[in-house]
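2 protein chains.
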Amino acid sequence: MRDFLEITKALSDVNRVRILMALNKRELCVCQITELLELAPSTVSKHMSILDHARLVESRKDGRWVYYRLVSEEVKPLVAGVIEWMIENLGDDKILLQDDHRLKDILDKGCLENRNSMKKMI
Amino acid sequence: MRDFLEITKALSDVNRVRILMALNKRELCVCQITELLELAPSTVSKHMSILDHARLVESRKDGRWVYYRLVSEEVKPLVAGVIEWMIENLGDDKILLQDDHRLKDILDKGCLENRNSMKKMI
DNA sequence: CCTATGTTTCGCCACTTAACGAAATATAAG
DNA sequence: CTTATATTTCGTTAAGTGGCGAAACATAGG
Numbered sequence: 001m002r003d004f005l006e007i008t009k010a011l012s013d014v015n016r017v018r019i020l021m022a023l024n025k026r027e028l029c030v031c032q033i034t035e036l037l038e039l040a041p042s043t044v045s046k047h048m049s050i051l052d053h054a055r056l057v058e059s060r061k062d063g064r065w066v067y068y069r070l071v072s073e074e075v076k077p078l079v080a081g082v083i084e085w086m087i088e089n090l091g092d093d094k095i096l097l098q099d100d101h102r103l104k105d106i107l108d109k110g111c112l113e114n115r116n117s118m119k120k121m122i
Numbered sequence: 123m124r125d126f127l128e129i130t131k132a133l134s135d136v137n138r139v140r141i142l143m144a145l146n147k148r149e150l151c152v153c154q155i156t157e158l159l160e161l162a163p164s165t166v167s168k169h170m171s172i173l174d175h176a177r178l179v180e181s182r183k184d185g186r187w188v189y190y191r192l193v194s195e196e197v198k199p200l201v202a203g204v205i206e207w208m209i210e211n212l213g214d215d216k217i218l219l220q221d222d223h224r225l226k227d228i229l230d231k232g233c234l235e236n237r238n239s240m241k242k243m244i
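Protein chains in written order, with our numbering: chain A, 1 to 122; chain B, 123 to 244.
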């Protein structure tokens, strides 16, 4: 029950749902999510902590950046089931389509990591 | 998104989850749910209103009593999917097993409707 | 009509939560 | 070492939420 409620509470905030859907099929660092949602970094960090504690996302640290991704498929059915449900029923949401569009710009513009690599090359 | 969040918010309270699981396979009136959860009738009524607004339950009025049940199967997949997920992953929860046991007593003791019927028969 | 019972609505209170900024921490680069 | 950037932690504040009791509403029965 505790795990169940942690998941449903994690899913009961619009910004956390937007984050999870943005993480579908790609990983993102905190600053990219911050730019997408236009929230304070501390706020996004708190959201990521809640999602992480609910076992809905995993993270890896790469230099200064922390990249988050959806949990892997072969996770326990409690988590896998609800992520599948979310993705299947939320695909055509207006806000999420806007996010997907904005994410393209954020990714095309190049992440800071890429810009730093460019600087190295110059 | 609005429907989605109404559902996840409805599912993010332990007493509402207990209500939904109690309604699995049987309908219950508000006073029976009140007895099960040991909450004030006004509190239970509020919970039922939230579950109803999220389209997770349906109700019928019979005399003084309002009976609630889980929504029918052939409801839209957004709702059907999450109810299935909840039932499949919450079956062996400790609190819910206790509730199931207590519900037997509540139902065996006879609902007020039955007692009224008995009075008619005497 | 009057009473009893089930349910809902309303107002209030305690607690939680999402937001922010400031400060602390971590790491890469000069 | 110092600076700059990314992230997290902490404290505060405004808004939301779950709980209750009182009162209103609905209905069955005397």
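C-beta atoms are modelled at their ideal positions from N, C-alpha and C, and glycine is treated no differently.
Closest residue to residue i among the options (Cα-Cα distance)
i, options, result
"alanine 144(B)", "Pro199(B), Lys131(B) and Val179(B)", "Val179(B)"
"glutamine 154(B)", "Tyr190(B), Glu206(B), Gly185(B) and Val197(B)", "Tyr190(B)"
"aspartate 2(A)", "Asp125(B), Leu133(B) and Leu127(B)", "Note on residue identity: the sequence assigns arginine, not aspartate, to residue 2(A). Looking at the Cα atoms, Leu133(B) is the closest of the given residues."
"aspartate 135(B)", "Glu6(A), Arg16(A), Val14(A) and Lys76(A)", "Glu6(A)"
"leucine 192(B)", "Arg140(B), Glu149(B) and Phe126(B)", "Glu149(B)"
"asparagine 211(B)", "Ile83(A), Pro77(A), Asp99(A) and Asp62(A)", "Pro77(A)"
"asparagine 184(B)", "Val152(B), Asp230(B) and Val197(B)", "It should be noted that the sequence gives aspartate, not asparagine, for residue 184(B). Comparing Cα positions, the closest option is Val152(B)."
"asparagine 146(B)", "Glu195(B), Asp230(B) and Lys231(B)", "Glu195(B)"
"serine 49(A)", "Trp85(A), Val79(A) and Arg16(A)", "Arg16(A)"
"isoleucine 141(B)", "Asp230(B), Lys231(B) and Leu225(B)", "Leu225(B)"
"aspartate 222(B)", "Thr130(B), Val166(B), Glu157(B) and Ile205(B)", "Glu157(B)"
"valine 82(A)", "Lys94(A), Arg55(A) and Leu39(A)", "Arg55(A)"
"phenylalanine 4(A)", "His53(A), Leu96(A) and Leu97(A)", "His53(A)"
"alanine 80(A)", "Pro163(B), Met208(B) and Asp227(B)", "Met208(B)"
Where residue i meets chain A, residues with beta-carbon distance less than 8 angstroms
i, result
"glycine 203(B)", "Trp85, Glu88 and Asn89"
Cross-strand partners of residue i (DSSP beta bridge)
i, result
"serine 194(B)", "In the DSSP output, where bridge partners are listed per residue, serine 194(B) has none listed."
"leucine 150(B)", "Tyr190(B)"
"lysine 183(B)", "Val188(B)"
Endpoints, alpha helix (DSSP H) assigned at residue i
i, result
"lysine 216(B)", "216-230"
"arginine 55(A)", "Taken as a continuous stretch (DSSP letters only), arginine 55(A) belongs to no alpha helix (DSSP H), as it is neither H nor E."
"methionine 86(A)", "77-89"
"alanine 40(A)", "Here alanine 40(A) belongs to no alpha helix (DSSP H), and DSSP marks it neither H nor E."
"methionine 143(B)", "136-144"
"leucine 11(A)", "Element bounds for leucine 11(A): n/a, residue is neither H nor E."
Residues that residue i contacts on chain B, provided the C-beta gap is smaller than 7 angstroms
i, result
"lysine 9(A)", "Ser134"
"aspartate 108(A)", "In chain order: nothing, as chain B lies at least about 25 angstroms away."
Within chain A, partners of residue i - CB distance below 9 angstroms
i, result
"proline 199(B)", "Trp85, Glu88 and Asn89"
Residues that residue i contacts on chain A, provided the C-beta gap is smaller than 7 angstroms
i, result
"isoleucine 217(B)", "Met1"
Within chain B, partners of residue i - CB distance below 9 angstroms
i, result
"leucine 5(A)", "Leu133, Ser134, Asp135, Val136 and Val139"
Quiz item: Looking at chain B, which residues of the segment 47-76 of chain A have a Cβ within less than 8 angstroms of any of its Cβ atoms?
Solution: none
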